[in-house]
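Enquirer: The structure is given below, and queries will be raised subsequently.
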Amino acid sequence: MQDNRFGFRIDQDAEHGLVTQEIWGVTTPEGLADSAQALGEVCEQNRWPRILMLVSRSDARFSPAQFIAMFEGFVTAFPYVRRIAYTLDLEAHDTEQMLLDTLAWRHQIKVGFFDDVAQARRWVTAS
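Add 92 to a position in the sequence shown, counting from 1, and you land on the number used in my numbering.
The structure is reproduced here in structure tokens:
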């Protein structure tokens, strides 16, 4: 039987000023809050300008309003973040992408969406 418990891990890449967070399994409000808090602590300590979010192995599905509220809170708290890449199901998140692009423009942050980790990493670490 497959273990679908929620989990996350955070890795740092000083050479590229990158923090990577991967989440997997069945999401819960508590699990998402814990992972967001952990990511926030790493971002605050190191002021990394790039974030790679690997969420495609989780069941995370947010309404546009939920996603925007999370994104808006994050970029307000960490204004030094300049690039964020997400790996997720692109077809399931098309509406969020359009709305997030609008917010990204407002905050002058580049946001990319990918279904391939290598492609997302190349994009988020590009100059």
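Heads up, the beta-carbon is just placed ideally off N, CA and C, and yes, glycines get one too.
With a 10 Å radius around its C-beta and 16 neighbouring C-beta atoms as the bar for buried, classify residue 120 as buried or exposed.
Expert: Looking at its Cβ environment, which holds fewer than 16 other Cβ atoms inside 10 Å, residue 120 is exposed.
Enquirer: Using the Cα positions of residue 210 and residue 177, report the straight-line distance between them to the nearest angstrom.
Expert: Their backbone Cα atoms lie some 11 Å apart in a straight line.
Enquirer: Quick check: what's the CA-CA separation for residue 212 versus residue 180?
Expert: Between residue 212 and residue 180, the C-alpha separation is close to 10 Å.
Enquirer: Would you kindly report the start and end of the unbroken alpha helix (DSSP H) that includes residue 217?
Expert: Segment 209-217, the alpha helix (DSSP H) holding residue 217.
Enquirer: Just to check my reading of the structure: residue 145 and residue 113 have Cβ atoms closer than 8 Å, yes? What is that Cβ distance to the nearest angstrom?
Expert: Contact flag correct, Cβ pair sits at about 6 Å.
Enquirer: Give the range of the alpha helix (DSSP H) segment to which residue 124 is assigned.
Expert: Unbroken alpha helix (DSSP H) run through residue 124: 121-138.
Enquirer: How many angstroms separate the CA atom of residue 106 from the CA atom of residue 214?
Expert: Answer to the nearest angstrom: the Cα atoms are 15 Å apart.
Enquirer: Rounded to whole angstroms, what's the CA-CA distance from residue 95 to residue 117? Just pull it up for me.
Expert: Near 8 Å, if we compare the C-alpha coordinates of residue 117 and residue 95.
Enquirer: Nearest-angstrom Cα distance between residue 109 and residue 141?
Expert: If I take the Cα positions, the gap works out to 6 Å.
Enquirer: Give me, in chain order, the residues of the same chain whose beta-carbon lies closer than 7 Å to that of residue 182; leave out the 5 immediate sequence neighbours on both sides.
Expert: If we look at residue 182 and ignore the five residues flanking it on each side, its Cβ neighbours are 205, 207.
Enquirer: For the segment 153-184, list the beta strand (DSSP E) runs that are entirely contained and at least 3 residues long, ordered along the chain.
Expert: Taking only runs of at least 3 residues, the beta strand (DSSP E) segments lying wholly in the segment 153-184 are 175-179.
Enquirer: Near residue 60, what residues of its chain come up, given a Cβ to Cβ distance below 6 Å and the 5 sequence neighbours on each side ignored?
Expert: With the chain covering only 93 through 219, there is no way to say anything about residue 60.
Enquirer: If you drop the 5 nearest sequence neighbours on each side, which residues of the same chain put their C-beta closer than 6 Å to that of residue 125?
Expert: Contacts found: none.
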